[in-house]
Amino acid sequence: MQRPTIDDFREIRRGLPVGAALLFVAALAFPMWQISVDAVQYPSTTLHVSLYAYPRLAGDFTEMARLNHYVGFYFPDPVLIEPNFPVEENAIDVPEWSLGPVAFIGVSLLSVFVAIAPTTEKLKRGLKYQFAGTVFVFTAMLVLIQARLWQAGHTLDPGAPVMGVDGFTPPLWGQYQVANITSVSRFGLGAYMAAAAVGLLAVSYYYRDQAATFGELPVRVRDGLTGLPDAVRDRLGRDGDTDDEEDAPHRPTTTAVKSDQSETHS
Numbered sequence: 232m233q234r235p236t237i238d239d240f241r242e243i244r245r246g247l248p249v250g251a252a253l254l255f256v257a258a259l260a261f262p263m264w265q266i267s268v269d270a271v272q273y274p275s276t277t278l279h280v281s282l283y284a285y286p287r288l289a290g291d292f293t294e295m296a297r298l299n300h301y302v303g304f305y306f307p308d309p310v311l312i313e314p315n316f317p318v319e320e321n322a323i324d325v326p327e328w329s330l331g332p333v334a335f336i337g338v339s340l341l342s343v344f345v346a347i348a349p350t351t352e353k354l355k356r357g358l359k360y361q362f363a364g365t366v367f368v369f370t371a372m373l374v375l376i377q378a379r380l381w382q383a384g385h386t387l388d389p390g391a392p393v394m395g396v397d398g399f400t401p402p403l404w405g406q407y408q409v410a411n412i413t414s415v416s417r418f419g420l421g422a423y424m425a426a427a428a429v430g431l432l433a434v435s436y437y438y439r440d441q442a443a444t445f446g447e448l449p450v451r452v453r454d455g456l457t458g459l460p461d462a463v464r465d466r467l468g469r470d471g472d473t474d475d476e477e478d479a480p481h482r483p484t485t486t487a488v489k490s491d492q493s494e495t496h497s
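Per our numbering, residue 232 is the first one in the sequence shown, and the count goes up by one each step.
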């Protein structure tokens, strides 16, 4: 079976999936989600906690757990892997957290597999399914995470010291307040790296029908940006021509008048 050569990976449609694969794997080394917390119990500092794609927390997670205990909200139990933080008995079970690296490594391997497709047709078909599949996987992950956050915020420990706290849903992005605790959620560097990898797959899919190389990319981008105003002007010009043609029968023609006058004098 014929395999692409090293020179073939100078093409955007083959090289970018390899770059995306490296980003997916590298993203596992960085936080996917970050939370900052201000509370009266810590008047002179803001607590920060970082969560990874696998069961690991970094930052002030011990102090954060103490705050969460007041309202009966706990870090989830990854079930399949022992985390680096103590798990409360009443914490919700989130086994898919342990499988997070599987998704990242899976889409990474698939990206490489597509990049080494032996024929152009298989490459183009693989790019289509790879891009669509990757978007589906990460969209499903975000939906599942948000659903788990809802579950955690609506199954508060009834024996918590602070009673009567209504159920809440921590957002993936944004600020929320529970009792006297104000929290702000943000995506971490790992999430941005994964988003950049998906962007690379989108670009490679866009160039799936072209053997464009990385050296040609700046020129193609510049020509595209330069040609955009021309395309707009051409469109406006065509619209204007259409209007002129529609109005033409209603306009007087001086040529016809002059012709009639010439015939009269003759």
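Glycine included, each C-beta is placed from N, C-alpha and C at the ideal position.
Name the DSSP beta bridge partners of Thr-444, please? Here residue 444 corresponds to residue number 213 of the sequence shown, with the count starting at 1. By DSSP's assignment, Thr-444 forms a beta bridge with Glu-242.
Count the other CB atoms within 10 Å of the CB of Glu-242; is the residue buried (16 or more) or exposed (fewer)? Locating residue 242 in the sequence shown gives position 11, where the first residue counts as 1. Buried.
Classify His-279 as helix, strand or coil using the three-state DSSP reduction. For this step, residue 279 is matched to residue 48 along the sequence shown. His-279: strand per DSSP, three-state reduction.
Should the stretch 291-303 be called in touch with the stretch 386-400, which here means at least 3 C-beta pairs below 8 Å? By the Cβ criterion, the stretch 291-303 is in contact with the stretch 386-400, since at least three pairs of Cβ atoms, one from each stretch, lie closer than 8 Å.
Check for me: the alpha helix (DSSP H) holding Gln-233 runs from which residue to which? Your numbering for residue 233 matches position 2 in the sequence shown. For Gln-233, there is no enclosing alpha helix (DSSP H), as DSSP gives it neither H nor E.
Can you check whether the CB of Ala-371 is closer than 8 Å to the CB of Val-249? In the sequence shown, residue 249 corresponds to position 18, counting from 1. In the sequence shown, residue 371 corresponds to position 140, counting from 1. At least 8 Å separates the beta-carbon of Val-249 from that of Ala-371.
Does the distance from the CB of Ser-329 to the CB of Val-310 come in under 8 Å? To locate residue 329, count along the sequence shown from 1; it is residue 98. To locate residue 310, count along the sequence shown from 1; it is residue 79. The answer is yes: Cβ separation under 8 Å.
Is the separation between the beta-carbon of Gly-337 and that of Ala-284 shorter than 8 Å? Reading the sequence shown from its first residue, position 106 is the one you call residue 337. Reading the sequence shown from its first residue, position 53 is the one you call residue 284. No. Outside cutoff.
Considering only the alpha carbon of each residue, which of Tyr-423, Ala-258, Tyr-436 lies closest to Val-333? The residue given as residue 333 occupies position 102 in the sequence shown. Ranked by how close their Cα comes to the Cα of Val-333, the residues Tyr-423, Ala-258, Tyr-436 have Ala-258 in first place.
Quick check on Asp-454: does DSSP put it in helix, strand or coil? Residue 454 sits at position 223 when you count from the first residue of the sequence shown. It is helical.
In terms of alpha-carbon separation, which member of Arg-417, Ala-296, Tyr-437 lies closest to Ala-363? Along the sequence shown, one-based indexing puts residue 363 at 132. If you compare the alpha carbons of Arg-417, Ala-296, Tyr-437 with that of Ala-363, the shortest gap goes to Tyr-437.
Buried or exposed for Ser-339, please, with buried defined as at least 16 other CB atoms from any protein chain shown within 10 angstroms of its CB. As a position in the sequence shown, residue 339 is number 108, starting the count at 1. Per the 10 Å Cβ criterion, buried.
Applying the 10 Å Cβ sphere with the 16-neighbour rule, what's the burial state of Pro-349? Along the sequence shown, read from residue 1 onward, the residue named residue 349 stands at position 118. Result: exposed.
Asp-475 by DSSP, collapsed to three states: which one? Position 244 of the sequence shown, counting from 1, holds the residue named residue 475. Below a pLDDT of 50, predicted positions are generally treated as unreliable, and Asp-475, at 48, falls in that range; the measurement from the model is reported next regardless. Reduced to three states, the DSSP call for Asp-475 is helix.
Buried or exposed, going by whether 16 or more other CB atoms sit within 10 Å of the CB of Leu-278? For this step, residue 278 is matched to residue 47 along the sequence shown. Leu-278 should be labelled buried.
Buried versus exposed, by CB contacts within 10 Å (16 or more), Tyr-305: Residue 305 sits at position 74 when you count from the first residue of the sequence shown. Burial call: buried.
According to the neighbour-count rule (16 or more other Cβ atoms, all chains shown, within 10 Å of its Cβ), is Phe-445 buried or exposed? For this step, residue 445 is matched to residue 214 along the sequence shown. Residue environment analysis places Phe-445 among the exposed positions, since fewer than 16 neighbouring C-beta atoms fall within 10 angstroms of its C-beta.
Thinking C-beta only, is Val-429 closer than 8 Å to Phe-335? What you label residue 335 is simply residue 104 of the sequence shown in a count that begins at 1. What you label residue 429 is simply residue 198 of the sequence shown in a count that begins at 1. No; because the gap between Cβ atoms is not below 8 Å, this pair is not in contact.
I need the DSSP call for Val-310, collapsed to helix, strand or coil. On the sequence shown, residue 310 is found 79 positions in, with the first residue counted as 1. Correct three-state label for Val-310: coil.
What are the uninterrupted segments assigned as beta strand (DSSP E) that are 3 or more residues long and contained completely in the stretch 350-397, given in chain order? Whole beta strand (DSSP E) segments, 3+ residues: zero.
With a CB to CB cut of under 7 Å and the five nearest residues on each side skipped, what residues in its chain are close to Gly-246? Walking along the sequence shown from the start, residue 246 turns up at place 15. Phe-240, Phe-445.
Which one of Ser-416, Arg-356, Asn-321 has the shortest CA to CA distance from Met-263? Mapped onto the sequence shown, residue 263 falls at position 32. The option with the nearest alpha carbon to Met-263 is Ser-416.
Let me know the secondary structure DSSP gives Arg-417 once reduced to three states. As a working note, residue 417 is residue 186 in the sequence shown. Note: Arg-417 maps to strand in three-state DSSP.
Look up Val-513 in the DSSP assignment and say whether it is helix, strand or coil. In the structure as shown, the chain begins at 232 and stops at 497. Residue 513 is therefore absent and cannot be evaluated.
Roughly how many angstroms lie between the CA atoms of Ala-378 and Gly-357, to the nearest whole one? The count along the sequence shown starts at 1 and reaches residue 378 at position 147. The count along the sequence shown starts at 1 and reaches residue 357 at position 126. Cα-Cα distance, rounded: 31 Å.
Going by DSSP in three states, Gly-250 sits in which element: helix, strand or coil? On the sequence shown, residue 250 is found 19 positions in, with the first residue counted as 1. Gly-250: helix per DSSP, three-state reduction.
Strictly by DSSP, which residues pair up with Tyr-407? Translated into the one-based positions of the sequence shown, residue 407 becomes position 176. Tyr-407 is bridged to Ser-414.
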